[in-house]
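Numbering (the numbering used here), first residue to last: 3 to 611.
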């Protein structure tokens with residue numbers, strides 16, 4: 003069927019999502035071990051990079067966004083009545099998001115550990131971050147930028163598909179659900195633009211100096227535009243559209259529209275309120291010299307805006323949950339249990355949102371310092387991992403018909419583990435916050451409740467990890483055929499860009515072909531030999547990347563006018579790089595041509611070359 007043209011390529015979304023969830027589960031276990039927990043608690047914001055920010059991104063972006071994207075590519079053509087507008091944009095959306103996320107995650111963990119070591123030796127966070135220089139700015143910026151490009155490719159493909167589908171005159175009983183997917187894609191675009199902006203050094207420094215006032219911008223507004231207006235809207239559209247396929251029922255158009263508009267208005271109201279308060283109170287802190295607490299006191303609109311928009315978003319979420327429960331109440335027990343468990347977690351997590359926005363509660367959280375921030379983070383983790391992720395995994399399991407035994411492990415492991423992790427985490431964080439209000443440091447407060455905290459949180463994290471691992475194993479086995487087809491496509495990919503190679507070239511000795519690579523390779527322009535030998539794709543990559551590295555990246559690393567890592571070595575590094583890179587390229591060409599020559603004419607008589 004033409005509408006399912008991209009279905010054969012969806013396996014990688016579900017497999018990669020499972021892989022990132024397992025990686026995040028391992029991270030959850032490691033960060034709750036007694037020694038890392040105490041050490042990261044003493045590192046301040048640098049510890050937050052390792053403990054919370056990196057872990058949140060790898061699980062929510064790597065797990066949630068990729069799973070939601072895969073489901074979106076399945077339901078969107080069936081909603082609008084035409085295939086995806088661009089296969090290329092779909093591929094770019096996956097690879098750029100996955101690669102950018104991996105770079106961003108590694109950069110946050112590595113830089114966070116490095117900065118934490120400096121903080122441990124008495125450095126201030128800002129000074130330690132400045133000391134890292136480009137080792138912090140470049141990888142974090144590259145990861146965020148590449149990940150953002152992946153999101154933008156996804157949003158562009160969604161919007162183009164919907165726009166082009168207006169000309170398709172076929173019955174579209176689910177056509178009204180397109181706005182969930184379009185809004186989710188556009189919200190993710192806005193969120194990633196904000197994310198790229200706020201990791202720029204000047205903007206990040208301003209947010210850090212603004213203290214708690216800056217937190218209304220990052221992470222609160224940034225997280226809500228991405229996760230509520232973006233990911234939750236995508237998941238809602240996909241789950242409502244896929245319900246008939248899984249044995250459920252799609253709600254009426256009127257109910258779906260009410261669900262959409264209430265969630266959109268509520269989430270945007272909260273997002274706008276957070277941005278306004280962050281900029282207004284942050285300016286009072288940075289320019290006016292007020293403390294974040296005093297800036298909040300003089301802002302009379304603070305409590306009405308946050309509480310009002312928070313309650314509105316809370317009501318919209320509960321209406322969405324009621325709609326999902328009605329849609330899946332007659333499905334198979336396993337899928338129905340996933341939906342019930344996910345909705346229960348979201349109900350509890352969203353209830354915490356308005357409660358912690360109340361002025362008295364918010365003041366207690368602020369006085370609790372880093373421990374109070376942990377309580378807020380647990381609210382997000384329960385919503386995403388115990389709620390939205392369980393819903394998405396249940397939908398993927400139903401769509402791919404994953405084995406019941408493995409899915410049962412996921413069903414019991416993730417909700418139960420997250421429930422214990424959430425409840426125990428809030429209890430210990432509240433005790434630590436109470437200790438901080440009495441003058442203790444966060445590290446001392448954490449150490450006070452070890453190893454008891456680890457004895458509760460680590461088994462809970464292991465249960466979550468076991469649940470995600472069971473899903474990852476099930477989806478890995480279910481997509482074996484798709485993965486084999488993908489490997490065949492990759493193996494044959496270079497041939498699609500090469501025409502007929504002359505027989506005289508095929509018969510040339512490998513050494514003479516490899517010799518063509520040497521002259522220009524020594525000048526920093528590898529790829530000429532590959533082009534002559536009939537490997538245009540490999541030649542194009544080498545001709546683009548080779549000179550860029552030899553004459554742009556390396557000089558930037560050793561220039562005396564900068565602080566590059568090779569400044570002490572100087573230009574002599576080129577004398578090493580050029581012959582080494584030429585040797586590697588010529589050797590690879592020699593082996594490739596020899597293998598192709600043998601396939602063409604067979605091994606030479608006598609076993610010669």
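From the three backbone atoms N, C-alpha and C, an ideal C-beta is built for every residue, glycine too.
Computed from a predicted structure; not experimentally measured.
For residue i, three-class secondary structure by DSSP
i: residue 252; result: coil
i: residue 367; result: helix
i: residue 259; result: helix
i: residue 610; result: Caution is warranted here: a pLDDT of 48 is assigned to residue 610, below 50, making its placement in the model unreliable, and no coordinate value can be reported.
i: residue 209; result: helix
i: residue 8; result: coil
i: residue 163; result: helix
i: residue 565; result: coil
i: residue 107; result: helix
i: residue 403; result: coil
i: residue 334; result: coil
i: residue 546; result: helix
i: residue 143; result: helix
i: residue 286; result: helix
i: residue 537; result: coil
i: residue 527; result: coil
i: residue 270; result: helix
i: residue 301; result: coil
Distance cut-off 7 Å: residue i Cβ against heavy atoms of the ligand SAM
i: residue 19; result: The model depicted lacks the ligand SAM and carries no ligand whatsoever.
Segment limits, alpha helix (DSSP H) that includes residue i
i: residue 311; result: 304-329
i: residue 88; result: Premise fails: residue 88 is in no alpha helix (DSSP H) and is neither H nor E.
i: residue 128; result: 127-134
i: residue 587; result: 574-603
i: residue 557; result: 556-560
i: residue 448; result: 444-450
i: residue 191; result: 180-200
i: residue 530; result: 530-534
i: residue 2; result: Absent from the structure is residue 2, since the part of the chain shown begins at 3 and ends at 611.
i: residue 40; result: 36-43
i: residue 375; result: 372-383
i: residue 2; result: The displayed coordinates of the chain run from 3 to 611. Any statement about residue 2 would go beyond what the structure contains.
i: residue 463; result: 454-480
i: residue 520; result: 520-524
Whole-angstrom C-beta distance between residue j and residue i, which should lie under 8 Å
i: residue 189; j: residue 252; result: With a Cβ gap of about 23 Å, residue 189 and residue 252 do not count as contacting.
i: residue 99; j: residue 67; result: 7 Å
i: residue 51; j: residue 113; result: 7 Å
i: residue 222; j: residue 155; result: Not confirmed; about 27 Å, so no contact.
i: residue 557; j: residue 544; result: No, residue 557 and residue 544 are not in contact; Cβ-Cβ is about 19 Å, not under 8 Å.
i: residue 496; j: residue 537; result: 7 Å
i: residue 466; j: residue 134; result: Residue 466 to residue 134, Cβ: 32 Å. No contact.
i: residue 481; j: residue 16; result: 7 Å
i: residue 19; j: residue 69; result: 4 Å
i: residue 235; j: residue 185; result: 5 Å
i: residue 10; j: residue 484; result: 6 Å
i: residue 87; j: residue 159; result: 6 Å
i: residue 187; j: residue 322; result: Contact doesn't hold; Cβ gap of about 18 Å is too wide.
For residue i, the nearest candidate out of the options (CA to CA)
i: residue 487; options: 14, 300, 438; result: 14
i: residue 80; options: 465, 394, 178, 305; result: 178
i: residue 599; options: 580, 71, 514, 546; result: 514
i: residue 85; options: 164, 280, 579, 439; result: 164
i: residue 301; options: 105, 34, 384, 280; result: 280
i: residue 412; options: 202, 337, 89, 559; result: 337
i: residue 255; options: 145, 180, 35; result: 180
i: residue 295; options: 258, 365, 278, 355; result: 365
i: residue 620; options: 485, 191, 146, 589; result: The structure shown does not extend to residue 620, since the chain is modelled only from 3 to 611, so the question has no answer here.
i: residue 141; options: 454, 130, 202, 183; result: 202
i: residue 542; options: 500, 506, 342, 211; result: 500
i: residue 44; options: 127, 9, 167; result: 127
i: residue 403; options: 136, 509, 247; result: 247
- Item | Inter-stretch contact at 8 Å, needing at least 3 Cβ pairs: the segment 192-199 / the segment 133-151 | yes
- Spell out a yes or no on whether the segment 306-319 and the segment 257-265 are touching, meaning 3 or more CB-CB pairs, one atom from each, closer than 8 Å. yes
- Query: So does the segment 329-336 actually touch the segment 241-250, counting three or more Cβ pairs closer than 8 Å?
  - Reply: yes
- Message: Three Cβ pairs or more, each shorter than 8 Å: is that satisfied between the segment 168-188 and the segment 100-119?
- Response: no
- Query: Do the segment 420-431 and the segment 369-376 make contact, defined as three or more Cβ pairs closer than 8 Å?
  - Reply: yes
- Task: For the segment 274-291 and the segment 203-221, state whether three or more C-beta atom pairs, one from each stretch, are separated by less than 8 Å.
- Result: yes
- Task: Check whether the segment 61-76 touches the segment 9-27, counting contact only when three or more Cβ pairs, one atom from each stretch, lie closer than 8 Å.
- Result: yes
- Item | Three-pair Cβ contact test at 8 Å for the segment 383-391 versus the segment 402-421 | yes
- Message: Quick check: the segment 454-466 against the segment 390-402, are at least 3 beta-carbon pairs closer than 8 Å?
- Response: no
- Task: Decide yes or no for the touch test of the segment 350-366 against the segment 376-383: beta carbon pairs closer than 8 Å, at least 3 of them.
- Result: yes
- Task: May I ask you to verify whether the segment 473-480 touches the segment 510-526, counting CB pairs closer than 8 Å and requiring at least 3?
- Result: no
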